[in-house]
Amino acid sequence: MKLQTLNSSLLENLEPMLNESIYHFLVELQKGRTDFSELGSIFFRLIQTMTDPPLEFIWFYSALTFHSAKSTTLRDSHNLLLSVKDLFHSLVSFRNPSGISSLKQVSLLAPVLSQLVNFKIEISSFKSEFEGLVDAIVTHIVVCCNNELEDQEVVVGKSTVSWVGLVPVWIADQVGENRGCVDGLQLFLPLSTDDIRRGIGGDCGMAYLAGVVMIESFLLRLCLMFHPGVSRKELHKDVKIHAAQIIKGFKKNSTFLVMLFKVLLEPRLPVAELLVSSSIPSTYHLVILHQMPTMTDELLLRRLLFDVALDFGCFLSCDTSSWLSDDQYKKIVILWLFVTNSALQFASENGDHVRVDSYLNAFLASQLPGQIISWVTGGTSTKPTAPHNSSPKELIGWLLVLEKQGIKICDHSISELHEKSVKYKLDGIEQGAKDGETMVEDAPIRINGRRKRDSTGEVQKQIKVIKCCHENLGDDVFCGKSEVGNSVSDQEMVDMVR
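Under UniProt numbering, the sequence shown has 415 at position 415, and the numbering climbs by one with no breaks.
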């Protein structure tokens with residue numbers, strides 16, 4: 001059989017066939033058809049003639065075989081797990097003599113993670129097998145990253161059929177169960193945030209999809225460590241070690257690092273339901289999934305991820321030149337600054353003063369604040385007065401002032417990131433109060449740079465006032481004007497974010 005390299009003209013002839021086949025599959029599946037082996041054979045022979053088959057063709061063939069295999073076996077949890085394992089081994093087997101790109105090797109695994117999470121396999125019954133498969137996924141991604149995974153997209157021979165068009169094929173048998181409660185992209189990428197999914201467009205590149213696969217496999221692996229019987233001391237140690245090891249293995253994809261830091265800026269981690277389902281007996285699995293999950297494990301995971309992110313600051317200071325461009329480095333460092341600020345807020349609101357001091361010391365010991373100041377002062381002729389590296393809030397306030405003056409150091413909007421961090425703080429406090437967590441009680445309140453302990457009622461009153469002002473004034477507060485038109489000085493603007 002003669003192998004052929006796909007060029008643009010050949011792809012143009014094949015893509016209508018793919019689109020028509022997708023439509024045919026969805027129509028027939030809705031009618032109740034379960035055997036698609038004939039269509040699968042056609043695409044298998046087609047793929048075998050290609051030296052580097054596009055991801056979309058591989059996914060469609062794999063989806064056909066996966067759906068057909070499910071229809072011929074009992075729909076019990078173990079057989080389902082075995083079919084997902086077969087899907088994983090099938091997807092990682094697509095290689096060619098010249099070497100499939102590392103980005104594609106990682107991106108191909110998105111359906112495997114989707115199936116594992118959305119079918120809600122009762123992992124308590126097959127925990128070792130389930131964890132073994134997730135470990136294999138993570139290990140495969142690390143190997144791909146070590147093979148010089150790069151963010152550049154391959155343009156020659158690239159299919160114009162978006163991988164998003166294959167999402168309905170993978171979630172087709174879940175649509176009826178879902179009943180419109182969750183959109184299709186969320187079903188396919190269940191451990192991604194709304195912000196990550198909003199970044200997916202019709203021309204979403206392979207680097208972005210690979211980053212999504214990495215963040216989902218990262219969160220899934222950590223969530224599997226939360227189960228009954230494990231002591232909190234062991235959990236703290238094991239989760240932090242695993243998280244640090246995986247981040248180190250995934251670091252060459254800058255998109256993953258950006259997504260990880262953005263996830264930590266969200267008011268909720270996208271893992272609440274998974275943490276519940278992974279930590280309860282299978283007998284109660286379906287009942288509890290429809291209840292509001294407790295915040296305990298999610299809060300603990302967030303705290304441990306903050307610990308790792310702050311430790312990662314030292315790594316960013318000394319080992320980035322070989323795998324990050326200047327623009328990528330700047331974007332990640334700015335996000336690290338905001339994550340540090342959120343970590344301090346989180347620890348303070350939980351009354352964890354040991355971590356407040358630890359996070360602040362890590363910030364002061366890092367070279368990154370000085371690097372940020374150097375980028376600003378070295379990149380403009382105005383030479384703005386640099387602040388002291390006393391706190392992340394002070395540095396963020398300074399950047400807000402400079403952004404209003406037209407000075408930027410990366411593609412991030414500092415005001416948008418600050419707005420997200422304010423929303424995180426308010427939502428986090430309110431959600432914690434609903435769930436009965438110690439989010440506010442005894443939290444230190446800073447007034448004019450001094451700590452002051454206040455009663456819970458006074459703290460709640462301040463929160464309501466801040467929220468009311470934020471909703472009524474919007475971004476005008478940070479534009480140098482109040483509602484009555486009085487100017488606000490740069491120092492006052494810095495104080496506003498404290």
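We put the beta carbon where it would ideally sit given N, CA and C, even for glycine. Quantities reported herein were computed from a predicted structural model and do not represent experimental measurements.
- Task: For residue 191, count neighbouring C-beta atoms within 10 Å of its own C-beta (all shown protein chains included) and say buried if the count is 16 or more, exposed if not.
- Result: Start at 1 with the first residue of the sequence shown, and residue 191 comes out as number 191. Classification for residue 191: buried.
- Query: To the nearest angstrom, how far is it from the Cα of residue 351 to the Cα of residue 309?
  - Reply: Locating residue 351 in the sequence shown gives position 351, counting from the first residue. Locating residue 309 in the sequence shown gives position 309, counting from the first residue. One C-alpha to the other measures close to 20 Å.
- Could you spell out the range, first to last residue, of the alpha helix (DSSP H) harbouring residue 107? The residue labelled residue 107 in the question sits at position 107 within the sequence shown. Per DSSP, residue 107 belongs to the alpha helix (DSSP H) from 102 to 107.
- Contact check, residue 81 vs residue 112 under 8 Å by CB: the rounded distance? Sequence index remark: in the sequence shown, residue 81 carries index 81 (1-based). Sequence index remark: in the sequence shown, residue 112 carries index 112 (1-based). Not really, about 11 Å apart at Cβ, beyond 8 Å.
- Item | Same chain only: Cβ atoms within 8 Å of residue 324, ignoring 5 sequence neighbours per side | Taking the sequence shown and counting its residues from 1, one reaches residue 324 at position 324. If we look at residue 324 and ignore the five residues flanking it on each side, its Cβ neighbours are 254 and 332.
- Task: Please classify residue 50: does DSSP put it in a helix, a strand, or coil?
- Result: Stepping through the sequence shown from its first residue, residue 50 is reached at position 50. Residue state, collapsed to three classes: strand.
- Task: Just tell me which of 18, 234, 217 and 228 has its CA closest to the CA of residue 137.
- Result: For the purposes of this step, residue 137 is identified with residue 137 of the sequence shown, where counting begins at 1. That would be 217, whose Cα lies nearest to the Cα of residue 137.
- residue 27 burial status per 10 Å Cβ neighbour count (16 or more: buried): Taking the first residue of the sequence shown as position 1, residue 27 is located at position 27. Its Cβ having fewer than 16 others within 10 Å, residue 27 is exposed.
- Cβ-Cβ distance between residue 40 and residue 71 below 8 Å: In the sequence shown, counting from the first residue as 1, residue 40 sits at position 40. In the sequence shown, counting from the first residue as 1, residue 71 sits at position 71. Not a contact, by the Cβ cut-off of 8 Å.
- Item | Segment contact, 8 Å Cβ cut-off, at least three pairs: the stretch 386 to 393 with the stretch 367 to 374 | yes
- Ignore the nearest five residues each way along the sequence and tell me which others in residue 100's own chain have a CB closer than 7 Å to its CB. Walking along the sequence shown from the start, residue 100 turns up at place 100. Hits under 7 Å: 52 and 94.
- Length of the line joining the Cα atoms of residue 244 and residue 24: Translated into the one-based positions of the sequence shown, residue 244 becomes position 244. Translated into the one-based positions of the sequence shown, residue 24 becomes position 24. So the two alpha carbons sit approximately 45 Å from each other.
- Item | Inter-residue spacing [alpha-carbon to alpha-carbon] between residue 64 and residue 358 | In the sequence shown, the residue the question calls residue 64 occupies position 64. In the sequence shown, the residue the question calls residue 358 occupies position 358. Spanning the two alpha carbons is a distance of roughly 52 Å.
- Who are the Cβ neighbours of residue 525 in its own chain at under 6 Å, not counting the five residues just before and after it? This structure does not reach residue 525, given that the chain is present from 1 up to 498, and the question cannot be answered.
- Message: Here's a check: name, in chain order, each residue in its chain whose Cβ is nearer than 8 Å to the Cβ of residue 411, leaving out the five neighbours to either side.
- Response: For the purposes of this step, residue 411 is taken as the residue at position 411 of the sequence shown. If we look at residue 411 and ignore the five residues flanking it on each side, its Cβ neighbours are 327 and 331.
- Nearest to residue 89 (by Cα), restricted to the options 405, 397, 134 and 305: Reading the sequence shown from its first residue, position 89 is the one you call residue 89. Checked all of 405, 397, 134 and 305; the closest Cα to residue 89 is 134.
- Drop a sphere of 10 angstroms on the beta-carbon of residue 66, count the other beta-carbons inside from all chains shown, and report buried for 16 or more, exposed for fewer. Numbered from 1 along the sequence shown, position 66 holds the residue referred to as residue 66. Buried: at least 16 other Cβ atoms inside 10 Å.
- Query: If you draw a straight line from the alpha carbon of residue 61 to that of residue 387, how long is it in whole angstroms?
  - Reply: In the sequence shown, counting from the first residue as 1, residue 61 sits at position 61. In the sequence shown, counting from the first residue as 1, residue 387 sits at position 387. Answer to the nearest angstrom: the Cα atoms are 57 Å apart.
- Query: Got a sec, what are the start and stop residues for the alpha helix (DSSP H) residue 397 sits in?
  - Reply: Position 397 of the sequence shown, counted from the first residue, corresponds to residue 397. Per DSSP, residue 397 belongs to the alpha helix (DSSP H) from 392 to 404.
- Contacting residues, own chain, Cβ-Cβ under 8 Å from residue 143 (five flanking each side not counted): Against the sequence shown, residue 143 aligns to sequence position 143. No residues qualify anywhere along the chain.
- Assuming residue 108 contacts residue 55 (C-beta within less than 8 Å), just tell me the rounded distance between them. Indexing the sequence shown from 1 puts residue 108 at position 108. Indexing the sequence shown from 1 puts residue 55 at position 55. Going by Cβ atoms, the distance from residue 108 to residue 55 rounds to 6 Å, so yes, they are a contact pair.
- Message: Quick check on the burial criterion: 16 or more other C-beta atoms within 10 angstroms. Buried or exposed for residue 38?
- Response: Residue numbering aside, residue 38 sits at position 38 when the sequence shown is read from its first letter. Result: exposed.
- Return helix, strand or coil for residue 226, following the three-state DSSP convention. Position 226 of the sequence shown, counted from the first residue, corresponds to residue 226. Coil.
- Query: CA-CA distance, residue 21 and residue 248?
  - Reply: Start at 1 with the first residue of the sequence shown, and residue 21 comes out as number 21. Start at 1 with the first residue of the sequence shown, and residue 248 comes out as number 248. In a straight line, the C-alpha of residue 21 is about 41 Å away from that of residue 248.
- What is the rounded straight-line gap between the Cα of residue 415 and the Cα of residue 18? In the sequence shown, residue 415 corresponds to position 415, counting from 1. In the sequence shown, residue 18 corresponds to position 18, counting from 1. Between residue 415 and residue 18, the C-alpha separation is close to 43 Å.
- Task: Counting only runs of 4+ residues fully inside the stretch 338 to 382, write out the alpha helix (DSSP H) ranges in chain order.
- Result: 353 to 365 and 368 to 378
- Task: Identify which residue in 307, 43, 196 and 355 has its Cα closest to the Cα of residue 336.
- Result: Taking the first residue of the sequence shown as position 1, residue 336 is located at position 336. Comparing Cα positions, the closest option is 307.
- Using a Cβ-Cβ cut-off of 7 Å (strictly less than) and excluding sequence neighbours within five positions of residue 586, which residues of its own chain qualify? This structure cannot settle anything about residue 586, because the visible part of the chain is limited to 1 through 498.
- Query: Exposed or buried, residue 241, counting other C-beta atoms within 10 Å across all chains shown (16 or more means buried)?
  - Reply: Here residue 241 refers to the residue found at position 241 when the sequence shown is read from its first residue. When all chains shown are included, residue 241 counts as exposed.
- Leaving out five residues on either side along the sequence, give the residues of the same chain with a beta carbon under 6 Å from the beta carbon of residue 465. Counting from one through the sequence shown, the residue named residue 465 turns up at place 465. Confidence at residue 465 is low in this model, with a pLDDT of 30, below 50, so the placement of that residue should be treated as unreliable; the coordinate-derived value is given next. Within the same chain, residue 465 has no close Cβ partners at all.
- Message: Helix, strand or coil for residue 302? Go by DSSP, reduced to three states.
- Response: Reading the sequence shown from its first residue, position 302 is the one you call residue 302. DSSP places residue 302 in helix when its eight states are reduced to three.
- Message: My output table needs one value for residue 268: the three-state DSSP class, helix, strand or coil.
- Response: Numbered from its first residue, the sequence shown carries residue 268 at position 268. The answer is coil: DSSP assigns residue 268 none of H, G, I, E or B.
- When we look at the beta-carbon of residue 16 and count the other beta-carbons within 10 Å, is it buried (16 or more) or exposed? Here residue 16 corresponds to residue number 16 of the sequence shown, with the count starting at 1. Counting Cβ neighbours within 10 Å, residue 16 comes out exposed, since fewer than 16 surround it.
- Message: residue 407 and residue 338 - do their beta-carbons sit closer together than 8 Å?
- Response: Position 338 of the sequence shown holds residue 338. Position 407 of the sequence shown holds residue 407. For residue 338 and residue 407, no; Cβs fall outside 8 Å.
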